[in-house]
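Residue 285 in the UniProt record's numbering sits at position 285 of the sequence shown; the count goes up by one each step and never skips. Read through the structure below, which is laid out as C-alpha cells, and then see the notes.
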Amino acid sequence: MDEILYTIAKDSEGNFFTALSASKGKIYYCVNCDNILILKKSGRVGPRTKRPHFAHKSLTRNCQPETALHYGFKTLAAEKLNQFLQAGAEFNFYWTCEYCSEVHKGNYIKKLKSVRIEYDLKYCRPDIALLDENDDIFAAVEIVVSHKPNDQALNYYIQNKIILIQINLTSDDDIYKIEQKLSEPHLVKFCLNPKCSVCDNFQQKYIMSIINGKCWKCYNQVKVALMKDGADKFLFGPEKFTPREIAFAKERGVNIDEYISGLTGEQYNANLCRQCRTFIRRFSKLRNYFNYASEENLPIQDFLIRYNCRCCAEKKISEDDDWAQNLKW
Numbered sequence: 001m002d003e004i005l006y007t008i009a010k011d012s013e014g015n016f017f018t019a020l021s022a023s024k025g026k027i028y029y030c031v032n033c034d035n036i037l038i039l040k041k042s043g044r045v046g047p048r049t050k051r052p053h054f055a056h057k058s059l060t061r062n063c064q065p066e067t068a069l070h071y072g073f074k075t076l077a078a079e080k081l082n083q084f085l086q087a088g089a090e091f092n093f094y095w096t097c098e099y100c101s102e103v104h105k106g107n108y109i110k111k112l113k114s115v116r117i118e119y120d121l122k123y124c125r126p127d128i129a130l131l132d133e134n135d136d137i138f139a140a141v142e143i144v145v146s147h148k149p150n151d152q153a154l155n156y157y158i159q160n161k162i163i164l165i166q167i168n169l170t171s172d173d174d175i176y177k178i179e180q181k182l183s184e185p186h187l188v189k190f191c192l193n194p195k196c197s198v199c200d201n202f203q204q205k206y207i208m209s210i211i212n213g214k215c216w217k218c219y220n221q222v223k224v225a226l227m228k229d230g231a232d233k234f235l236f237g238p239e240k241f242t243p244r245e246i247a248f249a250k251e252r253g254v255n256i257d258e259y260i261s262g263l264t265g266e267q268y269n270a271n272l273c274r275q276c277r278t279f280i281r282r283f284s285k286l287r288n289y290f291n292y293a294s295e296e297n298l299p300i301q302d303f304l305i306r307y308n309c310r311c312c313a314e315k316k317i318s319e320d321d322d323w324a325q326n327l328k329w
C-alpha cells in the first residue's frame, strides 16, 4: 500500500471537501480530530510532486490519515446510498461469490428503507447499516483500510443472517471512487443460489452444455454433452449423468452409450458419434470441445439442470468409501 495522505476535510459547517474540490485560501478542518488543515495543491505534476492533499497546521498526536480516509469514505458512501434511495434508482453491485465462484449482481436499493452510520447492534457497530421497511438490518457495509471486522462482528452477522459487504481501501485516491467502490465490493458474504436443506450451505449450479461440433475422427457433425458449474468450470461428462440427465441430453440430439476402456476395462457412459461410432471420451477429448466452445469457436446451448451441495458431497465422500468410489471419473 502506498503512503496514505489526507485527501478529505470539512469546512466550518461540516461540509466535506476532497483535496481536488477544495479551494486555497479557505479554512478546512480534519474530519477526525477537528484541527485546522492546510490545503497542499500546487497544480504541478511529475515524479517529485505530491498529489493534492491536506496537512495539519500543527502536529496532532493520535490522528492518522487512514482514520480520516475511513471516516470520510463511510460518510460519503452513506450519502451516496441515500441519494439513490431518495431518487428511487437502482444501485447495482457485482461480486465474485466465494461459495459458488459465480459473478452475482445485487441492488442496494431493493430492500433498503434507511441508511445508518455506526449503527449500535450491542455486539458490534457496522460502518454502514442497511435497514429494511421493518427497521431491521439486512446488510452491513464494512470499510476496511487497515483493520478488518473482528470475529465477534463476523459471528454476529452470520448468526443473525446479516449480509456482510466489505469494501477494501488501498489508496487515498479511493475517496474519489465512492460509487465505483460500492459497485465492486471486495467481499460479499452471500450467494444467490438456494441453500441446502440438509446442511444450510449455499449450493452450486449444475449446468448441462450441449455443444455442436465435428467428430474428431470422421469430421461429421456430432453433439456432445457435459456438465459445468455456474462459473463456466468444466465438471464432468456423461459418466456421472443421472438416468434423467442422459434422457434429457438424448432428447436434444446427443448420442450417449456405454464405453469400455481397452486399457483398463472400465465401463462408463460417454458421448458417441452416430456416423463412425467413435466415442468422445472423458478428460482431454471432451475438455477440448468445451474449450473450443468457451472460446466461441463452437455453438453451445446451456441448460440449468439442478443444484448440488458441495459441502454435503464432500462430507459423504469422506464418510462413505463405496459412494466415493462411484464418484471417481
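Ideal placement from N, C-alpha and C gives every residue a C-beta, glycine not left out. Since we're looking at a predicted model, the values are computed, not measured.
What does the Cβ neighbour count give for residue i, buried or exposed, with the cut at 16 atoms within 10 Å?
i	result
D136	exposed
W323	The predicted model places W323 with a pLDDT of 38, which falls under 50 and marks its position as unreliable; any figure quoted below should be read in that light. By the 10 Å Cβ count, W323 comes out exposed.
K328	The predicted position of K328 is uncertain, since its pLDDT is 32 and thus under 50; a value taken from the coordinates is nonetheless stated next. Exposed is the call here.
D127	buried
A55	exposed
D172	buried
I27	exposed
N134	exposed
F283	exposed
D321	Reliability of the predicted coordinates at D321 is poor, the pLDDT of 49 falling under 50, and the value obtained from them is presented with this limitation in mind. Answer is exposed; the Cβ neighbour count stays below 16.
Q204	buried
A87	exposed
K233	exposed
A247	exposed
P243	exposed
If the criterion is Cβ atoms closer than 8 Å, does the pair residue i and residue j meet it?
i	j	result
I4	L59	no
H53	K40	yes
Y94	N193	no
I256	L235	no
N107	N92	yes
G72	I175	yes
S101	D11	no
I167	H186	yes
L286	G253	no
S209	A293	yes
D132	K113	yes
L169	V188	no
C191	Y99	yes
T67	N32	yes
P299	N212	yes
K80	L182	yes
Would you please state the rounded distance, in angstroms, between the beta carbons of residue i and residue j? I believe it to be under 8 Å.
i	j	result
N269	E258	6 Å
A249	A225	4 Å
C218	Q275	5 Å
L85	I178	Actually they do not touch by this definition, with Cβ atoms about 15 Å apart.
A78	I109	About 14 Å; that fails the 8 Å criterion.
W216	I280	7 Å
Y156	L121	7 Å
Which residues in the same chain have their Cβ closer than 7 Å to the Cβ of residue i, if we skip the five residues on either side of it in sequence?
i	result
I162	I137, F138, A139, A140
F202	Y99, C100, C191, N193, K195
Can you give me the Cβ contacts of residue i inside the same chain, cut-off strictly under 6 Å, excluding the 5 residues immediately before and after it?
i	result
F17	A9
T96	V103
R125	E118
D302	I207, S209
N220	Q275
May I ask you to check if the CB of residue i is nearer than 7 Å to at least one heavy atom of the ligand ZN?
i	result
Y94	Ligands displayed in this structure: none; no statement on the ligand ZN is therefore possible.
Between which two residues does the beta strand (DSSP E) containing residue i stretch?
i	result
L304	300 to 308
Y259	256 to 260
S114	114 to 117
K10	8 to 10
F202	Per DSSP, F202 belongs to no beta strand (DSSP E) and is neither H nor E.
I175	I175 -> no beta strand (DSSP E), and no H or E assigned at all.
N269	267 to 272
H56	53 to 56
Where do the ends of the alpha helix (DSSP H) carrying residue i lie?
i	result
L76	65 to 87
A153	151 to 159
K285	284 to 294
F248	243 to 251
If I measure Cβ to Cβ from residue i and keep anything under 8 Å in the same chain, skipping five residues before and after, which residues do I get?
i	result
Y29	A9, K10, D11, S12, N35, I36, L37
Q325	Low confidence applies here, because Q325 scores a pLDDT of 40, under 50, leaving its location unreliable; read the following figure in that light. Excluding sequence neighbours, Q325 sits near nothing in its chain.
C63	C30, N32, C33, N35, H56
S123	For clarity, residue 123 is Tyr in the given sequence; the question names Ser instead. So the list reads Q152, A153, Y156, once near-sequence residues are dropped.
Against chain B, with Cβ distances strictly below 8 Å, would residue i count as a contact?
i	result
S21	In the displayed structure, chain B is absent; only one protein chain is listed.
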